[in-house]
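A.B. asks:
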Amino acid sequence: MDLNFLDFEQPIAELEAKIEELRYVGSDNEINIGEEISRLQTKSRELTESIFSNLKSAQIAQLARHPQRPYFLDYVQRVFTDFEELHGDRAYADDQAIVGGIARLDGRPVMLIGEQKGRDTKEKVRRNFGMPRPEGYRKAKRLMEMAERFKLPILTFIDTPGAYPGVGAEERGQSEAIARNLFVMSKLKTPIVCTVIGEGGSGGALAIGVGDRMLMLEYATYSVISPEGCASILWKSAEKAPEAAEAMGLTASRLKELGLIDYIIGEPLGAAHRDVDAIAEAVKQALLNSLEHLETIPIDKLLDQRYERMMSYGNYNE
Amino acid sequence: MNWFTKLLPSRIRTETSTKKSIPEGLWDKCNACGAVLYRAEIERNLYVCPKCDHHMRVSGRWRLEHFLDEEGRIELGENLKPVDALKFKDLKKYKDRLIQAQKATDESDAMVVMQGHLKSLPVVTAAFEFRFMGGSMGAVVGERFVRAVKMAGEKRAPLICFSASGGARMQEALFSLMQMAKTSAALARLSQQGVPFISVMTDPTMGGVSASLAMLGDINVAEPNALIGFAGPRVIEQTVRETLPEGFQRSEFLLEHGAIDMIIDRRDMRDRLARLLSMMTHKPTP
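Those protein sequence lines, which keep their order, are chains A and B. Residue 309 in the working numbering sits at position 309 of the first sequence, and the numbers go up by one each step. If you count the second sequence from 1, you need to add 318 to reach the working numbering.
#1: Considering only residues of the same chain and omitting the five flanking positions on each side of isoleucine 392 of chain B, which have a CB-CB separation below 8 Å?
#2: Have a look at B:Lys437, B:Gly526, B:Gly550 and flag the residue whose alpha-carbon is nearest the alpha-carbon of aspartate 387 of chain B.
#3: How many Å lie between leucine 404 of chain B and alanine 247 of chain A at the Cα?
#4: Using a C-beta cutoff of 8 Å, does alanine 179 of chain A count as contacting chain B?
#5: Glycine 565 of chain B versus chain A: which residues are under 7 Å apart at the beta carbon?
#6: Please confirm if glycine 117 of chain A has its CB atom under 8 Å from at least one CB of chain B.
#7: Taking 8 Å as the cut-off, decide whether the C-beta atoms of glycine 456 of chain B and serine 494 of chain B are in contact.
#8: Should the segment 186-193 of chain A be called in touch with the segment 297-313 of chain A, which here means at least 3 C-beta pairs below 8 Å?
#9: Between the alpha carbons of arginine 261 of chain B and alanine 444 of chain B, how many angstroms are there, rounded?
#10: Within the 8 Å Cβ cut-off, does phenylalanine 52 of chain A reach chain B?
#11: Within 10 angstroms of its Cβ, does glycine 512 of chain B collect 16 or more other Cβ (buried), or is it exposed?
#12: For proline 440 of chain B, which three-state DSSP category applies?
#13: Please decide whether threonine 557 of chain B counts as near chain A, where near means a Cβ-Cβ distance under 8 Å.
#14: Residues of chain B with CB under 7 Å from cysteine 230 of chain A, in chain order?
#15: Using the C-alpha atoms, what's the distance from lysine 410 of chain B back to glutamate 85 of chain A?
#16: Tell me, to the nearest whole angstrom, how far the beta carbon of leucine 105 of chain A is from that of aspartate 212 of chain A; I am working on the premise that it is less than 8 Å.
#17: Near glutamate 570 of chain B, what residues of its chain come up, given a Cβ to Cβ distance below 8 Å and the 5 sequence neighbours on each side ignored?
#18: Do the segment 162-176 of chain A and the segment 200-216 of chain A meet, that is, are 3 or more Cβ pairs less than 8 Å apart?
#19: At a CB distance below 9 Å, what residues from the segment 491-509 of chain B approach chain A? Give them in sequence order.
#20: Beta-carbon of arginine 139 of chain A versus every beta-carbon of chain B: anything under 8 Å?
#21: Straight-line CA distance for arginine 172 of chain A to aspartate 89 of chain A?
#22: If you draw a straight line from the alpha carbon of isoleucine 340 of chain B to that of aspartate 346 of chain B, how long is it in whole angstroms?
#23: Buried or exposed: lysine 421 of chain B, going by 16 or more other Cβ atoms within 10 Å of its Cβ?
#24: Using 8 Å as the threshold, is the segment 261-270 of chain A in touch with the segment 230-244 of chain A, meaning 3 or more CB pairs across them?
#25: Output needed in chain order: residues of the segment 523-536 of chain B with a Cβ under 8 Å from some Cβ in chain A.
#26: Between glycine 485 of chain B and methionine 533 of chain B, how many whole angstroms is the CB-CB distance? I'm expecting something under 8 Å.
#27: Our contact map puts glycine 460 of chain B next to threonine 501 of chain B with C-beta atoms below 8 Å; I'd like the distance itself, whole angstroms only.
#28: Below 8 Å, how does it come out for the segment 129-148 of chain A and the segment 50-61 of chain A: are there three or more Cβ pairs, yes or no?
#29: Would you identify the three-state DSSP class for leucine 105 of chain A, choosing helix, strand or coil?
#30: Just curious, the beta strand (DSSP E) that glutamate 199 of chain A is in, first and last residue?
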C-alpha cells in the first residue's frame, strides 16, 4: 500500500507504480516503451478522473484531512507577499494553532488569520494539531479589530478539527472566546472573506468564519461535529462515521446547494496536494474576485447584508 | 439514607437505594441527596431541594411562568415549527425524533419565549427546554431567540435567557452551527442599542449554546452547581487522558475563573435580577 495515496486511490497508486517500473526498465533498455508509458499515463488520468468524479462524503473528509494537504502557511507563501506575522493575545499566550498577520494580496494590504496544522510531529505538537485554545481566538479577535481600525480587509482560512477540548482551555473560557468572536465579527466595519481550505470543524471553525463571503475548496469539509463524533453520539458507534458524513452533508457541493457557502474553488485533479501551486493560484483569484466585489459595496450596506445573511440561516415553518 | 430509615430496625428497613426514581405521586426524591420529599413542598420551593439546596432541572415553560409576574405574559414565536430540511436519519429519522420530543414535552421545539414583567419591569425572556432533544439549538430555537432579541430591542426591554442545552442540534447539521452566528449577531445589535442582556446558565449549558448566546450576557449568571462548558467532560477526559479536577466546569469553578459574574439561588432569582436590571435601566428598585 502506497501511503501517498488514500485507500480508495489504491488503483491509481498501482498504475503509477507500474509506470515508474516501466520508466526504470526503459532507462537501461534499448526498446522504446515511451508509447506504453504514455498509454498508461492516460489510463491513470482517466482512472483518477473517474474515481474523483464520484467521491463519497467520507472520502472527501479523508481528502480534507490528507497529511499532504496544503495548510494555511502554504497559501501565505504562494498567494501573498510581505507577510509579517503578529503574535499573542496580549493577555496570556501566543497560540500557534492560529497564525495571524498583515500581508499584501496583489499589492493591497490585508489582514490574514488562519488555523494552522503541523506538518511533522514536532510541528504538529507546537500547533496543537490545528486545535486552537481561547488565546488563539482572542489573538484573532485582536487582529481583526486592528484590521477594522486600519481599514484592512480580513481574510480568514479555516482548517481545524475543532476548538481544543482541554482543561486549561475550559479554565480560560473557550466558550466565551468563541462566542465573543461571533459577536465581534458580525459587526466589524471591514470586508471579511472566509475560506474553508481543509477541515471546518464546528465552533472552532465558525469562530473565525463569520463574514461577507464564504469560499470553500472543492474537497474541504464543514460541519457541526466531526463525522466520528456524530456517529458515536447518534449511531452509538464511531465506525458509522461514513454514514454520519453522508447524512450531515458536509461537502462543498452540498453546502453550496443549501446556500451556506457562496463559491467553490475547484481543486486540481487528485485534490489540492497534487498541485499546490495550481490551487494557490485558484485561491488567489477567488480572493481577488471576492474583494473586488465587496469593496464596491458601501460599508453600512455590507454590514446590513452580513447581518441579514446570518438572520436567514435555518429552515422552519410558520 | 435519611433520618427516618435510620431510625428503623435493620430487619424492617427496605433497600431503596437501587431504585432509580419514585413513580409519579405525592412524593419525590432529590437525586442529589436522596431525600424523599413531599412533591408540593418541592414545587413550592421552586424545585430546589429543601434539604441540600440541589437545583433540580425544570422545564422551560415552568421556568418562565414562575419567573415572570403573573399578569401580562405573552408568548412569542410559538407558531414556529421545526422542519427536517436535510431528511436527516441516524438510527431514527429526525422527523420521528421531533414528534417523539413534541409528545414528551408538549412543546414544539426546545425554546419558549415570553414577553412580560419582572416585578413590574417590562422584560423579554427566553428559556430552553432541556427535555426536548437535550435542549439542542436548531433553526427554531435560533429564530425564537432572535425574535426575543428583536422584541427586546424594539421595546427597549431587558432580555433574560435561561439556558439548558447540550449544544447544537446535530440533525440540522451546519444549519445548527449557523444558529450560533445568528444569535450572536442579534445580540451584538442589541448591545449597540444599549439594552441589557442577562444570561442565566442552568444545568447543563454546553457546546454551541455556551459558545454563543449563553456567554454573551452583559451579566452572566449561573445557578448553583450547574455544568457549564464548551467540551463535554467525557470528551476532555478522553483527550487529555487524566481525571478532571474536582468541581470542573461547575458554576463555582466558572466564577473562580472569571467566566461568570455571580451565582444566584433560584429562590432569589427574581429579586436579584430585578434589582440589577432596575439599576442598569435607571429605574427605582421594584
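Ideal placement from N, C-alpha and C gives every residue a C-beta, glycine not left out. These figures come from a predicted structure and were not determined experimentally.
C.D. replies: Result, derived from the coordinates:
#1: Counting only Cβ-Cβ distances below 8 Å, and skipping sequence neighbours, we find Met432, Gln433, Gly434.
#2: When each option's Cα is compared against that of aspartate 387 of chain B, the closest is B:Lys437.
#3: 8 Å
#4: yes
#5: The contacting residues do not exist; glycine 565 of chain B stays about 12 Å from chain A at best.
#6: As written in the sequence, residue 117 of chain A is lysine, which differs from the glycine given in the question. Cβ-Cβ to chain B under 8 Å: no for lysine 117 of chain A.
#7: The Cβ-Cβ distance between glycine 456 of chain B and serine 494 of chain B falls below 8 Å.
#8: Verdict: yes, contact present.
#9: The question about residue 261 of chain B has no answer, for chain B in this structure spans 319 to 604.
#10: no
#11: exposed
#12: Reduced to three states, the DSSP call for proline 440 of chain B is strand.
#13: yes
#14: Met488
#15: One alpha carbon belongs to glutamate 85 of chain A, the other to lysine 410 of chain B, and they sit about 48 Å apart.
#16: Contact flag wrong, Cβ pair sits at about 16 Å.
#17: Pro542, Asn543, Ile581
#18: The segment 162-176 of chain A vs the segment 200-216 of chain A: in contact.
#19: Only Ala491, Leu492, Phe493, Ser494, Leu495, Met496, Gln497, Met498, Ala499, Lys500, Thr501, Ser502, Ala503, Ala504, Leu505, Ala506, Arg507, Ser509 from the segment 491-509 of chain B bring a Cβ to less than 9 Å from some Cβ of chain A.
#20: According to the sequence displayed, residue 139 of chain A carries lysine and not arginine. Lysine 139 of chain A does not count as touching chain B.
#21: 12 Å
#22: Low local confidence applies: a pLDDT of 47 at isoleucine 340 of chain B is under 50, so the model's placement there is unreliable, with the coordinate-based value given in what follows. The alpha-carbon atoms of isoleucine 340 of chain B and aspartate 346 of chain B are separated by roughly 6 Å.
#23: exposed
#24: no
#25: Gly525, Gly526, Ser528, Ala529, Ser530, Leu531, Ala532, Met533, Leu534
#26: Not confirmed; about 13 Å, so no contact.
#27: 6 Å
#28: no
#29: strand
#30: Counting along the chain, the beta strand (DSSP E) containing glutamate 199 of chain A begins and ends at 192-201.
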